[in-house]
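Asker:
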Amino acid sequence: MTQSVTVGTIKSVTARLAEELAVGEGQVAATVALLDEGATVPFIARYRKEVTGSLDDGQLRTLEERLGYLRELDQRREAVLASIQEQGKLTDELRAALMAAETKARVEDIYLPYKPKRRTKAQIAKEAGLEPLAERLLADPTLVPDEAAGEFLNDDVADAPAALEGARHIIIERASEDAELVGATREKFWADGSLRTGPWSEEAAKSPAAQKFRDYFEFSEPLENMPSHRVLAVLRGEKEQALSLNFDGGDDELYQAMIAQSLGIDMAAKTPATPWLATTVRLAWRAKLMISAAVDARIRLRQRAEEEAVAVFARNLKDLLLAAPAGTRATLGLDPGFRTGVKVAVVDSTGKVVDTCAIFPHQPQKQWDQAKAILAALIARHNVELIAVGNGTASRETDALANELIADIRSAGAKAPVTAMVSEAGASVYSASEYAAREMPNLDVTLRGAVSIARRLQDPLAELVKIDPKSIGVGQYQHDVTPGSLARSLNAVVEDAVNAVGVDLNTASVPLLARVSGVTESLAEAIVAHRESTGAFRSRKALLDVPRLGPKAFEQCAGFLRIRDGEDPLDASGVHPESYPVVRRILDRSNVTLAELIGDERTLRTLKPADFADERFGVPTVTDILAELEKPGRDPRPAFSTATFAAGIEKVGDLKVGMVLEGVVTNVAAFGAFVDVGVHQDGLVHVSAMADRFISDPHEVVKSGQVVKVKVVDVDVERQRIGLTLRLNDTPQREQGSRPDRGGQGGQGGQNRRDGGGNQGRGGDRRNQNRGKNSGRRESNQPTGSMADALRNAGFGR
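In the UniProt record's numbering, the protein residues as written are 1 to 798.
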């Protein structure tokens, strides 16, 4: 078959996309052309609004994904048409059915009878000449099956039962390859079916590993209503041989009636062949169609759950990447630990490592005062303004150390740094990575983690792009999701976030540059190498001097790269170089200089975009240019703020129902949000406890990284579970039992902070660590004589 036949018979890809997205076909056609030319979604969304009719990045991402699917669908359709035509079986009716197929599954259903396959029992029966027997029994149920079968005995068919068995296989295969019937039973199974779960076995149910799934030992839920987190939880339980899963489509007789109708069988007729035909129908359902419907339901259930999980992960990742940066200030990073000590790193305002060491304030060494003296000296020597404390093992104890030191510094009459808790998720992955080894070859792996923690506080986006997105630890069962779909979605989120913020061309790392529109990893390495050999870029034009960076790459990346204090002030803005003539036109008509116009909101808001638009740069682009000139290079991220954890609340056992605490949202799932209140185990705010109104999506209320106030409504020390509410006027009431919404596998809140391990209990072996007074910390807020001396020696004091 040729492409022209397909195009002439079904809607074009652009027409289908336009219909799905509810936009003009011209918009879609123009966007497809840009994508085919190699333009990226961020570039198209930001700098080609006139071409696309101002499609936003969300619409463009959907269009890009669906474009790939529909093109694959058309390719598969062509292959199937060609295969059936080669067999000489391609009828006009069959061609029309294939042309009308809107999904790959529908194409495969139609192709199934013609698909080359190994010899089946039905094919063997056909070769033995039994197809006419099957046809007779279907056409005339008044026949006596045994008598009719007697006419078809031969060398391959020994007796009547063998003949009838062969005829039955033929009829069953016919039913199982009927595209309309298969599709109908599949949809009915999905609409009416349910998933039932139970223990894998009586013995397995007693194992400690299976106990985290005990909420699902007697559980059933309709397929259509089952949320993503529960689907992935039970599938993980099955994988770990803790749960058995049973897909139930409902009333078998209804499906059998559909099969009988498709085959033209009257199940209620009082004829000799009816019992035999009824048995054939039952077997067609139980042995073929029910199995295929259940397999399809499993695939669809997993696919839908994965799509929802990926969407949740992508939303959380975006919030984390676009979290408020603390800014370019000297920062001290603390990577907490007990036995191995607290790793310390100081980075300057640009993120350059200027000092590292290890201190041992906690058990077993308990060198509390010595640790404070070392930190005080580092703070004074490097004018540290921020202290970043990793939120892993010994985090609260280390946070207490930092806060006590800050109080001592203030008591000495000096300005003290600000402290903040920072997520360690993925830190160990980065520390051991090849890039970290190249970036910090002379630092031990453990110290690299402290550097990363410090830099994350300064600029979360710039540091987190160095880590595989799935290791950042804000996902919902990310290790249970198909890696390919997860990676595509998360990479798109990172790309959009980086380009929304913009990148400083003279300070950006290779991983950060590689996320810029049009810049590959090898090109990013070339940019950094050029920068190191020739010095800082003074203009965007100088990018064209980078080896292998041609006009196309320049077009895609230039608008997202910033040059501070360069030759042209516009190079520090989001105005694309191709649009600089528009700015010059604005300057000419306004009779002002660029320096006078930039930041002059009053003047800029009097200008009408239409007055400066032309054939190439329309009103949308000019509007963006004027907005950019108001606040050139503006950062879309929010202002920096930190949560203050309650003193003395360091483990789950310290929590009391009714407490109101400040915390940080660490993860948002479909069923609620997890909040770090400083006890090494995240608490859950269920979606029903987020507002005084109905909330369908927790993202309507909170996002990852947000500082919130919560009230404790439930504490389960044994299971390390914490129930929280955002409604501070709620009357706490300890919940009885538990609900599957909590994750069914140890609590989603227990993110493994170091490696983003998905759903592992964060308490782990540190739940029973002796904290507070036993960690070597004094209760006094005043420095002792020796500490006062240490502060004076460090440079603090009146």
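Yeah, the Cβ is synthetic: ideal placement off N, Cα and C, and Gly gets one too.
Do I170 and L130 have their beta-carbon atoms positioned less than 9 Å apart in this structure?
Answerer: The sequence position of residue 130 within the sequence shown is 130, counting from 1. The sequence position of residue 170 within the sequence shown is 170, counting from 1. A contact, by the Cβ cut-off of 9 Å.
Asker: Which runs of the alpha helix (DSSP H), 4 residues or longer, sit entirely within the region 226 to 252?
Answerer: 228 to 239
Asker: Leaving out five residues on either side along the sequence, give the residues of the same chain with a beta carbon under 7 Å from the beta carbon of D504.
Answerer: The sequence position of residue 504 within the sequence shown is 504, counting from 1. Counting only Cβ-Cβ distances below 7 Å, and skipping sequence neighbours, we find R562 and R564.
Asker: So S194 is in the alpha helix (DSSP H); what residue range does that whole segment cover?
Answerer: In the sequence shown, residue 194 corresponds to position 194, counting from 1. For S194, no alpha helix (DSSP H) segment is defined; the enclosing uninterrupted segment is the beta strand (DSSP E) at S194 to P199.
Asker: Span of the beta strand (DSSP E) holding G683?
Answerer: Counted from its first residue, the sequence shown places residue 683 at position 683. Where G683 is concerned, the enclosing beta strand (DSSP E) stretches over G683 to H686.
Asker: With a threshold of 7 Å on Cβ separation, who are the neighbours of P638 within its own chain once the five nearest residues in sequence on each side are excluded?
Answerer: Position 638 of the sequence shown, counted from the start, is the residue given in the question as residue 638. A324.
Asker: Three Cβ pairs or more, each shorter than 8 Å: is that satisfied between the region 181 to 201 and the region 218 to 225?
Answerer: The region 181 to 201 makes contact with the region 218 to 225; the number of CB pairs closer than 8 Å reaches 3 or more.
Asker: For A125 and G150, which I take to be in contact (beta-carbon distance under 8 Å), what is that distance rounded to the nearest angstrom?
Answerer: The count along the sequence shown starts at 1 and reaches residue 125 at position 125. The count along the sequence shown starts at 1 and reaches residue 150 at position 150. Between G150 and A125 the Cβ distance is about 16 Å, and since that is not below 8 Å, they are no contact.
Asker: Name, in chain order, the residues that DSSP records as bridge partners for P222.
Answerer: Here the question's residue 222 lines up with position 222 in the sequence shown. The partner list for P222 (beta bridge, DSSP) reads S194.
Asker: What number of angstroms, rounded off, separates the C-alpha of E307 from the C-alpha of T482?
Answerer: If you number the sequence shown from 1, residue 307 lands on position 307. If you number the sequence shown from 1, residue 482 lands on position 482. Cα to Cα, the separation comes out at about 10 Å.
Asker: Helix, strand or coil: how does DSSP classify D676 here?
Answerer: Residue numbering aside, residue 676 sits at position 676 when the sequence shown is read from its first letter. If DSSP states are grouped into helix, strand and coil, D676 belongs with the strands.
Asker: Based on the DSSP output, what are the partners of L334 in its beta bridges?
Answerer: Working through the sequence shown from its first residue, we reach residue 334 at position 334. For L334, which the question treats as bridged, DSSP gives the partners V344 and V389.
Asker: Measuring alpha carbon to alpha carbon, tell me which of V713, I722 and T623 ends up nearest N729.
Answerer: For the purposes of this step, residue 729 is identified with residue 729 of the sequence shown, where counting begins at 1. N729 has its Cα closest to that of V713, out of V713, I722 and T623.
Asker: Give the DSSP-derived three-state secondary structure of M99 in the structure shown.
Answerer: Within the sequence shown, residue 99 is the residue found at index 99, counting from 1. Three-state DSSP puts M99 in a helix.
Asker: Is R186 helix, strand or coil by DSSP?
Answerer: Sequence index remark: in the sequence shown, residue 186 carries index 186 (1-based). Helix.
Asker: What are the start and end residues of each continuous alpha helix (DSSP H) run of 4 or more residues lying completely inside the region 518 to 580, in chain order?
Answerer: Runs found: 521 to 534 and 551 to 557.
Asker: Within 10 Å of its beta-carbon, does I291 have 16 or more other beta-carbons around it, so buried, or fewer, so exposed?
Answerer: Your numbering for residue 291 matches position 291 in the sequence shown. Exposed, by the Cβ-count rule.
Asker: Work out the CA separation of F694 and I299 for me, nearest whole Å.
Answerer: Within the sequence shown, the letter at position 299 stands for residue 299. Within the sequence shown, the letter at position 694 stands for residue 694. I299 and F694 have their C-alpha atoms spaced approximately 31 Å apart.
Asker: Looking at the structure shown, is K11 part of a helix, part of a strand, or coil, going by DSSP?
Answerer: Taking the sequence shown and counting its residues from 1, the one referred to as residue 11 is at position 11. The answer is coil: DSSP assigns K11 none of H, G, I, E or B.
Asker: Is M421 helix, strand or coil when you go by DSSP?
Answerer: Within the sequence shown, residue 421 is the residue found at index 421, counting from 1. Here M421 sits in strand by DSSP.
Asker: Is the region 596 to 606 close to the region 281 to 296, with three or more CB pairs under 8 Å?
Answerer: no
Asker: Go ahead and pull the three-state DSSP assignment for Q730.
Answerer: Counting from one through the sequence shown, the residue named residue 730 turns up at place 730. In the sequence under discussion, the amino acid at residue 730 is Asp, which differs from the Gln named in the question. If DSSP states are grouped into helix, strand and coil, D730 belongs with coil.
Asker: Excluding the 5 residues preceding and the 5 following R727 in the sequence, name in chain order all residues of the same chain whose CB lies nearer than 8 Å to its CB.
Answerer: As a working note, residue 727 is residue 727 in the sequence shown. A689, M690, A691, D692 and K711.
Asker: How about V668 and K703: do their beta carbons lie closer than 9 Å?
Answerer: Taking the first residue of the sequence shown as position 1, residue 668 is located at position 668. Taking the first residue of the sequence shown as position 1, residue 703 is located at position 703. Yes, the pair counts as a contact, with Cβ atoms nearer than the cut-off.
Asker: Could you give the residue range of the beta strand (DSSP E) that holds K115?
Answerer: Counting from one through the sequence shown, the residue named residue 115 turns up at place 115. Membership of K115 in any beta strand (DSSP E) is not indicated, and neither H nor E is assigned to it by DSSP.
Asker: Taking I359 as part of the beta strand (DSSP E), name the residues at either end of that continuous run.
Answerer: Residue 359 sits at position 359 when you count from the first residue of the sequence shown. Segment V353 to I359, the beta strand (DSSP E) holding I359.
Asker: So what's L505 in DSSP terms, helix, strand or just coil?
Answerer: Residue 505 sits at position 505 when you count from the first residue of the sequence shown. Looking at L505 - three-state DSSP - the assignment turns out to be coil, as it is neither helix nor strand.
Asker: What are the start and end residues of the alpha helix (DSSP H) that includes D146?
Answerer: Mapped onto the sequence shown, residue 146 falls at position 146. Here the alpha helix (DSSP H) through D146 covers P145 to A149.
Asker: Tell me where the beta strand (DSSP E) around R48 begins and ends.
Answerer: Translated into the one-based positions of the sequence shown, residue 48 becomes position 48. R48 -> no beta strand (DSSP E), and no H or E assigned at all.
Asker: Residues in the same chain with beta-carbon distance under 6 Å from N781, minus the five sequence neighbours each way, listed in chain order, please.
Answerer: Within the sequence shown, the letter at position 781 stands for residue 781. In this predicted model, N781 has a pLDDT of only 41, less than 50, meaning its place in the structure is not dependable enough to derive any value.
Asker: When you compare only the Cα positions, how much space is there between L513 and A330?
Answerer: On the sequence shown, position 513 is the one that residue 513 refers to. On the sequence shown, position 330 is the one that residue 330 refers to. In a straight line, the C-alpha of L513 is about 23 Å away from that of A330.
Asker: Look up E630 in the DSSP assignment and say whether it is helix, strand or coil.
Answerer: Mapped onto the sequence shown, residue 630 falls at position 630. DSSP places E630 in helix when its eight states are reduced to three.
Asker: What residue ranges within the region 604 to 651 form continuous beta strand (DSSP E) runs of no fewer than 3 residues, ordered along the chain?
Answerer: none
Asker: Output the distance between the C-alpha atoms of I374 and S431, rounded to the nearest integer angstrom.
Answerer: Walking along the sequence shown from the start, residue 374 turns up at place 374. Walking along the sequence shown from the start, residue 431 turns up at place 431. Taking the straight line from one Cα to the other gives about 24 Å.
Asker: Please state if the CB of I409 and the CB of I379 are separated by a distance shorter than 9 Å.
Answerer: In the sequence shown, residue 379 corresponds to position 379, counting from 1. In the sequence shown, residue 409 corresponds to position 409, counting from 1. In this structure, I409 lies closer than 9 Å to I379 by Cβ.
Asker: Could you give the distance in angstroms between the alpha-carbon of G683 and the alpha-carbon of L724?
Answerer: Taking the first residue of the sequence shown as position 1, residue 683 is located at position 683. Taking the first residue of the sequence shown as position 1, residue 724 is located at position 724. Using only the alpha carbons, I get a separation of about 6 Å.
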